[in-house]
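In this note's numbering, the protein residues as written are -11 to 312. As structure tokens, the structure follows; a few thoughts come after it.
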Ligand code: UT7
């Protein structure tokens, strides 16, 4: 059957110009460059300026991905934006992005699956394309986590960054997206969350008392376990072994979590794309930005096999096996 698959036609990223280093953080909270590097691998992160919003970075990432794919606004027939930090409640970020890009009439929505949002969006877009409901999808993961971070809490403020990553996914005769695997378990909802919402109320947010809450150590342990399980599940589903992977492109939350997943796969760190040192944890933006970095610096080449994975609040976790 023709065009029964989807493939990545182009990638892009958009980052704030402003960079916050570990040294900058040393002046803000009781921490040290040494602690942050050794516990997380993070050295710096990009932070949105006051006048910038998530949509700015999504737009930049989308434009770069569309240019790389050689497609224009009229070619896109599906827009999905994964985010936990939308500019506003509605119109959804997909519609807001449509307006910025001059895309009219196609399906557009945002989805919230915390750090796994991009993988969720990729899974959905792949299914739209495989069933013939779309031919050319724009998928974006974008966040401004800095807007929900408590800048006086050293336990969390050293971790997060802002930015967006995007891919254009096109119908193709060959995969492309070989398989996607999604999971969630709401029983872990209290380990990593942001407590406000329209229905519950934003009072604490207004008073500056509301922010991301995380039981870091417990999140860490579940993340290592679930990511270890999902990379194994992905390989088994495709009857393949890790030595056939060219690159692991993991969620960039913590270098030690990434190393644990690579160890599980017996994959040397030379075959793992790392951006955590430069971007920090950008939630759903981290995987598409890491992919774009590696595509643009020439490490990821056409024909190579990539394993993408992510884990985040919910908990949600997911993976995608890709022939680039
Ligand atoms: O993206 C979604 C998924 N999120 C994650 O995957 C994050 C998962 N969690 C983590 O990455 C790690 O748990 C953290 C990086 C958040 C924390 O690392 P940890 O090794 O689990 O440290 P800890 O929370 O157990 O804290 C160890 C010590 C504590 O001091 P005491 O009680 O041992 O005296 C903390 O108070 O480190 C202290 N500490 C800090 N010290 C200097 C915590 N934050 C800092 C800091 N600077 N920024």
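Every residue, glycine too, gets a C-beta built ideally from N, C-alpha and C. Owing to the predicted nature of the structure, the values given are computational and were not obtained by experimental measurement.
Taken in chain order, the unbroken stretches of beta strand (DSSP E) that lie wholly in the segment 46 to 97 and span 3 residues or more are 66 to 70.
DSSP places residue 311 within a strand segment (E or B) once states are collapsed to three. Excluding the 5 residues flanking it on each side, residue 52 has same chain C-beta neighbours closer than 6 Å at 0, in chain order. Boundaries of the alpha helix (DSSP H) harbouring residue 116: 105 to 118, taken from the DSSP string. A Cβ-Cβ distance of about 6 Å is found for the pair residue 59 and residue 124, placing them in contact under the 8 Å criterion. The beta carbon of residue 139 sits no closer than 7 Å to any heavy atom of the ligand UT7.
Within the segment 124 to 163, the complete beta strand (DSSP E) runs of at least 3 residues fall at 124 to 132, 150 to 160. In the displayed model, residue 260 falls within a strand according to three-state DSSP.
Its Cα nearest to that of residue 138, the residue 200 stands out among 208, 200, 231, 104. In the three-state reduction of the DSSP assignment, residue 205 falls in the helix class, which pools H, G and I. Secondary structure note for residue 297: its beta strand (DSSP E) is the uninterrupted segment 293 to 300. Looking from the CA of residue 121, the closest CA among 292, 297, -9, 128 belongs to -9. Buried is the label assigned to residue 33, since at least 16 other Cβ atoms lie within 10 Å of its Cβ. Residue side-chain check: residue 182 keeps its Cβ at 7 Å or more from all non-hydrogen atoms of the ligand UT7. Assigned with DSSP and collapsed to three states, residue 238 falls in strand. By the Cβ rule, the segment 228 to 240 counts as touching the segment 249 to 261, because three or more pairs are nearer than 8 Å. Remark: the shortest separation between the CB of residue 305 and any heavy atom of the ligand UT7 does not fall under 7 Å. The residue from 54, 70, 16 with its alpha-carbon nearest to that of residue 42 is 70. A distance below 8 Å separates the beta carbons of residue 307 and residue 107.
When DSSP states are grouped into helix, strand and coil, residue 306 belongs to the strand group. Secondary structure note for residue 279: its alpha helix (DSSP H) is the uninterrupted segment 274 to 284. In the pairwise beta carbon analysis, the segment 73 to 81 is classified as not touching the segment 103 to 119: fewer than three pairs are separated by under 8 Å.
The ligand UT7 never approaches residue 117 closely enough for any of its heavy atoms to be under 7 Å from the residue's Cβ.
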